[in-house]
Amino acid sequence: MTPVPDLSRPAPEVAPLLIGCRLAAGRVIGRITEVEAYHGEDDRACHAHRGRTPRSAGLYAAPGTLYVYLCYGMHHLLNLVCDEPSIPSAVLIRGLIITHGLDEARRRRGQPKAAAARLTNGPGKVAQALGLDKTAHATRLGQRGCPLRLLPGDGPSPRLLCGPRIGVDYAGPHWATMPWRWWEEGYAAVREAGARQTTA
DNA sequence: CTCTAGATCTAT
DNA sequence: TAGATCTAGAGG
């Protein structure tokens with residue numbers, strides 16, 4: 238069993254606890270297999286590293302608020318806002334294993350034949366499979382209008398590994414190598430090299 | 001106002 | 001390994 242963690246804690250604390258929890262959007266449900274934490278104005282990889290701007294304002298929302306943004310002009314990425322509103326902090330959902338509604342997820346992805354293991358192993362794929370776009374941005378888990386539900390995990394506690402975040406070299410070596418990516422053993426969407434064992 | 005660098009994915 | 005596609009935010 239994997240309980241839903243307290244999202245009012247800092248993202249680097251919450252992130253590993255989300256592995257094994259489930260996300261549901263309509264009939265599509267998936268188990269979270271990979272996440273990353275972005276935390277604080279000091280984190281050069283975090284959108285709020287230059288403080289509050291029109292975009293980064295979403296990171297100062299109440300814990301449990303969705304932070305969804307368009308990346309590379311074509312992919313929506315899903316984050317769950319964490320910590321107190323004065324601290325910009327969020328967990329990026331990078332990987333899922335679809336456990337229910339696989340065909341609907343395949344349809345949303347436009348990949349009718351994709352194996353489950355490859356259908357949602359990447360942050361852009363996750364949001365697309367869950368049917369999330371900008372309209373989900375700034376809605377809050379458990380509140381009216383939020384298309385997403387966060388559910389406890391129903392399986393055994395996953396074995397966790399952690400390593401550097403992906404695609405954030407621009408943040409400089411200190412922040413780019415910070416081991417703020419966690420994944421369920423065997424489910425890293427990107428390299429597992431450099432992985433360290435960890436516990437939730 | 002213009003310009004550029006992205007928390008990516010897919011097909012080649 | 002390149003091309004798709006668009007916008008926040010920095011700089012003029």
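First residue of the first sequence? That's 238 in the numbering used here, and the numbers climb one at a time after it.
Ideal Cβ positions, reconstructed from N, Cα and C, are used throughout, including at glycine.
| Check | Outcome |
| --- | --- |
| Bridge partners - L307, DSSP secondary structure assignment | H313 |
| With 16 other Cβ atoms within 10 Å as the buried cut-off, status of A352 | exposed |
| D320, buried or exposed, once every other Cβ within 10 Å from all chains shown has been counted against 16 | buried |
| C-beta contact flag for C399 and R377 at 8 Å | no |
| The alpha helix (DSSP H) enclosing G361, as first and last residue numbers | 360-366 |
| DSSP state of H411 mapped onto helix, strand, coil | helix |
| CB of G361 within 8 Å of CB of H313, strictly | yes |
| Counted within 10 angstroms of its Cβ, other Cβ atoms place D391 as buried (16 or more) or exposed | exposed |
| Where A353 falls: helix, strand or coil (DSSP) | helix |
| Closest Cα partner of P325 within the set R343, R292, Y309 | R292 |
| For P349 and A252, the rounded distance between their alpha carbons | 30 Å |
| Alpha-carbon to alpha-carbon, N316 and A262 | 14 Å |
| Nearest residue (CA-CA) to G423, options A354, G404, D279, M415 | A354 |
| Straight-line Cα distance separating P393 from G404 | 30 Å |
| Residue burial classification, T302 (beta-carbon count within 10 angstroms, cutoff 16) | buried |
| Cα-Cα separation, L338 to G368 | The amino acid occupying residue 338 in the given sequence is Gly; Leu does not appear at that position. Approximately 12 Å between the Cα atoms of the pair. |
| Where the beta strand (DSSP E) containing E250 begins and where it ends | Segment 248-255 is the alpha helix (DSSP H) holding E250; no beta strand (DSSP E) there. |
| Residue span of the beta strand (DSSP E) that contains L333, given as start and end | 326-337 |
| Cβ neighbours of H374 in the same chain (closer than 8 Å, five flanking residues each side left out) | G295, L303, Y304, V305, Y306 |
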